[in-house]
Amino acid sequence: MVRPSHVGVSPAQNPHLLHLLQALNLSITTKSLLLTQQSHAQTYRLGLAHHSILATKLISAYSLCKLPSHSLLIFHSNNPKNAFLCNALINAYVDNLRYPDALTLFSQMGTQYDVSPDDYTMSALLKLAGELRDLVIGKSVHSWIAKTGFVSDSILMNSLMSMYRKCGSGSGFEDVRKVFDEMPQRTLSSWNLLISAYGVYGGSGFSGDVREIVERMRIEGVGLDGYTVSTLLPLCPAPSDGRRCDFGREIHCYVLRRNVGLGSADVHVCCCLIDMYSRAKNVVAAWNVFDGMSSRNIVAWTCMITGCVHNGLSEKALMLVRKMQVVDGIEPNAVSLISVLPACSSLCSFMEGKQIHAFAIRKEISYAMSLRNALIDMYAKCGSLDCARKVFDEDQHVRDSITWSLMIAAYGLHGDGDEAIYLFDNMLKLGIEPDNITIVGVLSACCRSGFLREGINIYKSLVMDFGISPTPEICSCVVDMLGRSGQLDRALEFINSMPFDPGANVWGALLDASIIHDNSEMRDLAHKFLTHLEPENPSNYISLSNVLASSGKWDAVIDIRSTMKDRGMNKLPGCSWISINSEMHSFYVADKNHPFSPLIYEVLDNLFLTIKESFPCFDNFDEDPLLGSCG
DNA sequence: TTAGGGTTAG
């Protein structure tokens with residue numbers, strides 16, 4: 001294709017022009033506004049303000065500095081227009097999310113400026129179509145490519161794959177693969193886009209495993225680069241997926257052997273490795289990758305923090321937040337704080353959580369919705385409903401369905417069913433659609449507060465008026481509500497009417513309820529199903545064993561304990577903990593190892609006495625098998 | 001001047 005010639009002399013003939021081009025290339029690489037403005041001023045000083053190559057570069061440079069309006073001024077001051085100027089401005093609009101302006105300019109190219117769109121124009125439009133998820137525009141460009149014979153342009157075809165990957169069309173992976181299959185020439189990016197599409201669509205429309213794509217790459221002699229690796233690693237299954245997780249390790253070995261990317265200096269690849277090992281519960285391997293990195297950015301630190309939190313290493317996660325500032329001088333951002341807040345919850349470390357909140361306020365990032373949601377969750381789980389509510393009330397315009405769900409669940413957790421229902425009603429009145437987690441939150445709140453009628457009414461209304469399909473978790477809440485209120489027959493009737501096979505959580509709810517209400521027939525039924533569904537879960541045996549022991553049925557207890565022994569089942573004893581003056585105190589059931597044990601049990605005995613006096617129905621309190629060990 | 005990668009809340 002013949003390109004329009006630029007106005008003015010060539011860079012080789014004019015050293016000033018060459019110098020300015022180099023300066024503008026540097027402005028583009030560094031995204032420096034100062035350098036862009038200085039270069040812009042120089043174009044006037046040297047009488048090159050209307051040189052179209054410089055103008056094109058200036059349009060791109062101002063766009064990268066997030067000033068597309070400046071790009072437009074440059075465009076207007078250069079005549080006649082050519083494809084370079086138009087494409088640069090269309091790209092500036094697309095990159096700065098000004099999609100309608102990009103489309104307007106595209107339509108003006110032929111009508112107003114007498115410029116024909118080219119492959120670069122189409123590439124920009126494919127990016128726009130992808131961002132807008134506009135398949136009509138995307139398919140129009142596809143037709144243009146087919147008509148003009150640009151199918152041999154592998155970069156443009158890669159843009160087409162990218163568009164189909166973003167838009168999805170119901171055919172999912174198939175559309176992307178079709179473009180890939182029909183490409184006369186492929187680049188490594190074509191393979192990377194294919195793998196990326198596999199990740200987006202989970203391989204639907206593709207019968208094989210992602211490993212088959214990698215194997216094809218090997219057969220065709222295409223090596224993996226940093227992009228390939230960081231696209232593949234998130235697809236490696238964690239052990240909980242029930243599949244082998246060797247693939248991630250194989251990729252890691254490949255990275256080390258071939259020094260993919262820049263090996264330990266490739267932050268992207270290392271972050272993906274940390275994430276892969278963390279998901280595989282191999283936090284030691286994740287830590288080794290992190291320690292071996294030659295330089296770490298905020299994402300790397302946050303990856304490692306997340307890895308620690310997901311693997312129960314809460315103290316280490318909090319330590320990393322301090323260390324990232326001291327060692328690398330990197331301040332945590334909103335994502336880092338969101339990642340570490342669950343560590344405060346799991347340690348019940350209210351003060352640490354509050355310090356993180358204060359830090360977010362100081363750094364003026366506390367308004368971010370995700371961070372506020374994480375703060376609500378942390379405060380509720382650390383026992384401060386008031387602080388959670390303060391964050392919730394801060395700005396009613398910065399609330400999404402998760403914000404509401406968290407606050408409803410917080411009231412449920414703290415036994416305030418009335419407020420949970422009140423908030424749920426308000427949420428519906430404001431037109432915010434509840435999702436399954438909101439529903440579980442409000443039903444659990446009803447259950448905990450003993451609000452059977454209210455809970456059942458909410459459930460019925462959601463199914464009848466909102467057309468919500470009950471999930472196993474929602475059904476489990478209903479069984480729990482009915483069971484705890486003593487309506488065991490109704491709970492069983494509900495289980496039998498469920499549109500799917502009841503899972504362990506449903507039978508578990510019935511088992512707990514039948515133990516509370518001493519219904520041995522229902523208890524044995526629930527236990528039978530539960531152990532059938534989860535034969536290796538020790539909790540299912542322990543709960544029954546405790547009940548049988550309390551009623552003196554020692555033969556049955558011995559049977560259960562020997563079954564557990566035969567199957568090698570061990571259950572870690574439950575543990576509670578509390579942080580007092582930054583010191584953690586933990587307690588097991590009937591634990592008397594704490595130095596203040598005599599005092600603690602004295603206070604506990606007094607509490608039991610007070611409850612007994614207030615509620616005579618608790619006369620058999622200290623004979624209760626679940627509480628007897630405390631006294 | 002056109003394509004592809006990493007961390008986050010219930």
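Counting from 1, one number per residue, gives the positions in the first sequence under the UniProt record's numbering. Glycine residues also receive a C-beta, built at the ideal position from the N, C-alpha and C atoms.
Exercise. Would you be able to state if there are at least three C-beta pairs under 8 angstroms between the segment 330 to 344 and the segment 299 to 312?
Key: Contact holds: three or more Cβ-Cβ distances are below 8 angstroms.
Quiz item: Does the beta-carbon distance from L24 to A49 come in below 9 angstroms?
Solution: To locate residue 24, count along the first sequence from 1; it is residue 24. To locate residue 49, count along the first sequence from 1; it is residue 49. Not closer than 9 angstroms, so no.
Exercise. Enumerate in chain order the residues of its own chain whose CB-to-CB distance from L462 is below 7 angstroms, with the five nearest sequence positions on each side excluded.
Key: Along the first sequence, read from residue 1 onward, the residue named residue 462 stands at position 462. Hits under 7 angstroms: I439, I468.
Quiz item: Per DSSP, what kind of secondary structure is C446 in: helix, strand or coil?
Solution: Within the first sequence, numbered from 1, the residue matching residue 446 stands at position 446. The answer is helix: DSSP assigns C446 an H, G or I state.
Quiz prompt | Rounded C-alpha distance that separates A55 from N78 | solution = On the first sequence, position 55 is the one that residue 55 refers to. On the first sequence, position 78 is the one that residue 78 refers to. A straight line joining the alpha-carbon of A55 with that of N78 spans about 7 angstroms.
Quiz item: Can you tell me the Cα-Cα spacing of Y541 and M564, whole angstroms?
Solution: Sequence index remark: in the first sequence, residue 541 carries index 541 (1-based). Sequence index remark: in the first sequence, residue 564 carries index 564 (1-based). Cα to Cα, the separation comes out at about 8 angstroms.
Quiz prompt | Ordered list of alpha helix (DSSP H) runs contained in the segment 386 to 424, each at least 4 residues | solution = Counting whole runs of 4 or more residues, the segment 386 to 424 contains the alpha helix (DSSP H) stretches 401 to 413.
Exercise. Ignoring anything shorter than 4 residues or poking outside the segment 104 to 154, list the alpha helix (DSSP H) runs there in chain order.
Key: For secondary structure counted as the alpha helix (DSSP H) over 4 or more consecutive residues, the segment 104 to 154 holds these complete runs in sequence order: 119 to 132, 135 to 148.
Self-check item: Residue from L430, M407, L428, K429 whose Cα sits closest to the Cα of E419
Solution: Looking up residue 419 in the first sequence gives position 419. Residue M407 is the option with its Cα nearest to E419.
Quiz item: Is the beta carbon of V141 sitting closer than 9 angstroms to the one on M122?
Solution: In the first sequence, the residue the question calls residue 141 occupies position 141. In the first sequence, the residue the question calls residue 122 occupies position 122. A contact, by the Cβ cut-off of 9 angstroms.
Quiz item: How big is the Cα-Cα spacing for V269 and H527?
Solution: Here the question's residue 269 lines up with position 269 in the first sequence. Here the question's residue 527 lines up with position 527 in the first sequence. Rounded to the nearest whole angstrom, the C-alpha separation of V269 and H527 is 47 angstroms.
Exercise. Using the Cα positions of S107 and F75, report the straight-line distance between them to the nearest angstrom.
Key: Here residue 107 refers to the residue found at position 107 of the first sequence. Here residue 75 refers to the residue found at position 75 of the first sequence. Between S107 and F75, the C-alpha separation is close to 16 angstroms.
Quiz item: What residues in its chain sit with their C-beta under 8 angstroms from that of V229, if we drop five residues either side in the sequence?
Solution: Taking the first sequence and counting its residues from 1, one reaches residue 229 at position 229. Within the same chain, and ignoring the five residues on either side of V229 in sequence, the residues whose Cβ sits closer than 8 angstroms to its Cβ are I251, Y254, V255, V260, G261, V269, C272.
Practice problem: Starting from the C-beta of S10, find all residues in its chain whose C-beta is less than 6 angstroms away, skip the five residues before and the five after it, and write them out in chain order. | Solution: Numbered from 1 along the first sequence, position 10 holds the residue referred to as residue 10. Cβ neighbours of S10 beyond the five flanking positions: none.
Quiz item: So S189 packs on R165, CB below 8 angstroms; how close in whole Å?
Solution: In the first sequence, counting from the first residue as 1, residue 189 sits at position 189. In the first sequence, counting from the first residue as 1, residue 165 sits at position 165. Contact doesn't hold; Cβ gap of about 12 angstroms is too wide.
Self-check item: Closest by C-alpha distance to T30, when choosing among I53, L46, C65
Solution: Position 30 of the first sequence, counted from the start, is the residue given in the question as residue 30. Closest option to T30, judged by alpha-carbon separation, among I53, L46, C65: C65.
Practice problem: Return the chain-ordered list of same chain residues with a C-beta closer than 7 angstroms to the C-beta of S339, the five sequence neighbours on each side being excluded. | Solution: Within the first sequence, the letter at position 339 stands for residue 339. So the qualifying residues of the chain are T302, I305, T306, V309.
Self-check item: Same chain, Cβ closer than 8 angstroms to G312, neighbours up to 5 away in sequence not counted
Solution: The sequence position of residue 312 within the first sequence is 312, counting from 1. S346, listed in sequence order.
Self-check item: Inter-stretch contact at 8 angstroms, needing at least 3 Cβ pairs: the segment 415 to 430 / the segment 447 to 467
Solution: Between the segment 415 to 430 and the segment 447 to 467, the count of C-beta pairs closer than 8 angstroms reaches three or more; the two stretches touch.
Self-check item: Residues near Q185 in its chain [Cβ-Cβ closer than 7 angstroms; skip 5 each side]
Solution: Stepping through the first sequence from its first residue, residue 185 is reached at position 185. Setting aside the 5 residues that flank it on each side, Q185 is surrounded in the same chain by S152, S154, each with a C-beta closer than 7 angstroms to its C-beta; the list follows chain order.
Practice problem: Please say whether A504 and N537 have beta carbons closer to each other than 9 angstroms? | Solution: Reading the first sequence from its first residue, position 537 is the one you call residue 537. Reading the first sequence from its first residue, position 504 is the one you call residue 504. Contact flag set, yes.
Practice problem: Could you spell out where the beta strand (DSSP E) holding M217 opens and where it closes? | Solution: Here residue 217 is taken as the residue at index 217 of the first sequence, counted from 1. Looking at the DSSP string, M217 is not in any beta strand (DSSP E); the run it does join, the alpha helix (DSSP H), is 210 to 219.
Self-check item: Cβ distance (whole Å) where V442 is taken to contact F424 below 8 angstroms
Solution: Position 442 of the first sequence, counted from the first residue, corresponds to residue 442. Position 424 of the first sequence, counted from the first residue, corresponds to residue 424. The beta-carbon separation of V442 and F424, rounded to 4 angstroms, stays under the 8 angstroms limit for a contact.
Practice problem: Taking R249 as the reference, give the member of V289, L430, V299, L17 with the closest Cα. | Solution: Position 249 of the first sequence holds residue 249. Checked all of V289, L430, V299, L17; the closest Cα to R249 is V289.
Exercise. Under 8 angstroms Cβ to Cβ from I560, same chain only, skipping five residues before and after it: list those, please.
Key: Taking the first sequence and counting its residues from 1, one reaches residue 560 at position 560. Once the five neighbours on either side are set aside, the close Cβ partners of I560 are Y541, L544, S545, L548.
Quiz item: For I468, does the three-state DSSP call read helix, strand or coil?
Solution: Stepping through the first sequence from its first residue, residue 468 is reached at position 468. Note: I468 maps to coil in three-state DSSP.
Quiz item: Going by DSSP, what residues sit across from C575 in a beta bridge?
Solution: Within the first sequence, numbered from 1, the residue matching residue 575 stands at position 575. Answer is Y588.
Practice problem: Output the boundary residues of the alpha helix (DSSP H) element that contains I515. | Solution: The residue you call residue 515 lines up with position 515 of the first sequence. In the DSSP assignment, I515 falls within the unbroken alpha helix (DSSP H) covering 504 to 516.
Quiz prompt | Rounded separation between D266 and Y459 - CA only | solution = Within the first sequence, residue 266 is the residue found at index 266, counting from 1. Within the first sequence, residue 459 is the residue found at index 459, counting from 1. So the alpha carbons of these two residues sit roughly 51 angstroms apart.
Quiz item: Looking only at C-alpha atoms, which of A380, L194, C236 sits nearest to M217?
Solution: The residue labelled residue 217 in the question sits at position 217 within the first sequence. Per the Cα distances, L194.
Practice problem: Report all residues from its chain with a CB closer than 6 angstroms to the CB of D241; omit the five preceding and five following residues, and keep chain order. | Solution: Within the first sequence, residue 241 is the residue found at index 241, counting from 1. Unreliable positioning characterises D241 in this predicted model, as indicated by a pLDDT of 48, which lies under 50. The coordinate reading is nonetheless provided below. None.
Self-check item: Contact under 9 angstroms by Cβ, V222 with W191
Solution: Translated into the one-based positions of the first sequence, residue 222 becomes position 222. Translated into the one-based positions of the first sequence, residue 191 becomes position 191. Yes, these two residues count as a Cβ contact at 9 angstroms.
Self-check item: As assigned by DSSP and simplified to three states, the class of residue 689
Solution: Because the chain spans 1 through 631 in this model, residue 689 falls outside it and cannot be assessed.
Quiz item: To the nearest whole angstrom, what separates the beta carbons of R296 and D328, a pair I think is in contact under 8 angstroms?
Solution: As a first step, residue 296 must be located in the first sequence, where it is residue number 296. As a first step, residue 328 must be located in the first sequence, where it is residue number 328. Your pair R296 and D328 checks out as a contact, with CB atoms roughly 6 angstroms apart and the cut at 8 angstroms.
Quiz item: Going by other Cβ atoms of all chains shown within 10 Å of its Cβ, with 16 needed for buried, is P470 buried or exposed?
Solution: On the first sequence, residue 470 is found 470 positions in, with the first residue counted as 1. By the beta-carbon neighbour count (other beta carbons within 10 angstroms, threshold 16), P470 is buried.
Quiz item: By Cβ distance, which residues of its chain are closer than 8 angstroms to S520, with the 5 residues on each side in sequence left out?
Solution: For the purposes of this step, residue 520 is taken as the residue at position 520 of the first sequence. Excluding its 5 nearest sequence neighbours in each direction, S520 has C-beta neighbours in its own chain below 8 angstroms: S514, listed in chain order.
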